[in-house]
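Let me begin by presenting the structure, written as structure tokens, before commenting on it.
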Amino acid sequence: MSAQQGDAQTPVPSVVATIATGIDDVEQDRNGPFLTSEPTLKMRDDTLVGLRYNVCIPAGANITDAWIRVTASDDDSATSTALIRIERVPDSESFATNPSIIGRFASTAEASWSMPTFVSGETYDSSDISSVISEVINLSGWSGCGHILLVIENAADREIVAFDGSAADAPVLNINYDT
């Protein structure tokens, strides 16, 4: 079948956001230490993982799909389901200014991610988190650009590459939207 004029689809606006520095991907035990500068982020039942991104999306945009792409830093086949939430503010503070994940997310939206078996060095996409991203994009204070903090919790025994392990393999946020 040959292409006809007008067959080309209009590209969907999208954002691909990367972790900018080692202080933008962190982990924190629910009872204690706040860890930055680690080569891996350890997702455990008792640990929160925070991922902070700078994104520009027009206020009120319709988020059609969104996901986090991670790179496994270890093999693991245990059953695991993570919960992904967002800090419900129009511009999330830096971890350098506010060094804690605990108490920073008050989102009503959340996404459940049934994690597959992880093989070290392979990449994996989270479940769709469009409703989670929409919660911040639709805030009255959202200016079109800002920092967002995603929080991954309740994952059982998964390790992913952090910025300080390999900036190229650090978690990436992908968002497609229409206006």
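Each residue of the sequence shown is one higher than the last, beginning at -13 in my numbering. Even for Gly, the Cβ is constructed at its ideal location relative to N, Cα and C.
- The DSSP-derived three-state label of D62 is strand.
- A Cβ-Cβ separation of about 4 angstroms places I54 in contact with S112 under the 8 angstroms criterion.
- Ranked by Cα distance from A64, the first of F104, A95 and T50 is F104.
- Assigned with DSSP and collapsed to three states, G8 falls in helix.
- If the five residues before and after R90 are omitted, its C-beta is found closer than 6 angstroms to the C-beta atoms of E73, all from its own chain and listed in chain order.
- Here A82 is near I9, since their CB atoms are less than 7 angstroms apart.
- When the beta-carbon positions are compared, E24 and A148 come within less than 7 angstroms of each other.
- In the DSSP annotation of this structure, E121 is not part of any beta strand (DSSP E); the continuous alpha helix (DSSP H) holding it starts and ends at S116 to I123.
- Residue pairing by DSSP leaves W128 without any beta bridge partner.
- G36 sits buried, since 16 or more C-beta atoms from the chains shown fall within 10 Å of its C-beta.
- When S80, V1, A95 and P76 are compared, the shortest CA-CA separation from I70 is found for A95.
- In the structure shown, the three-state DSSP call for D32 is coil.
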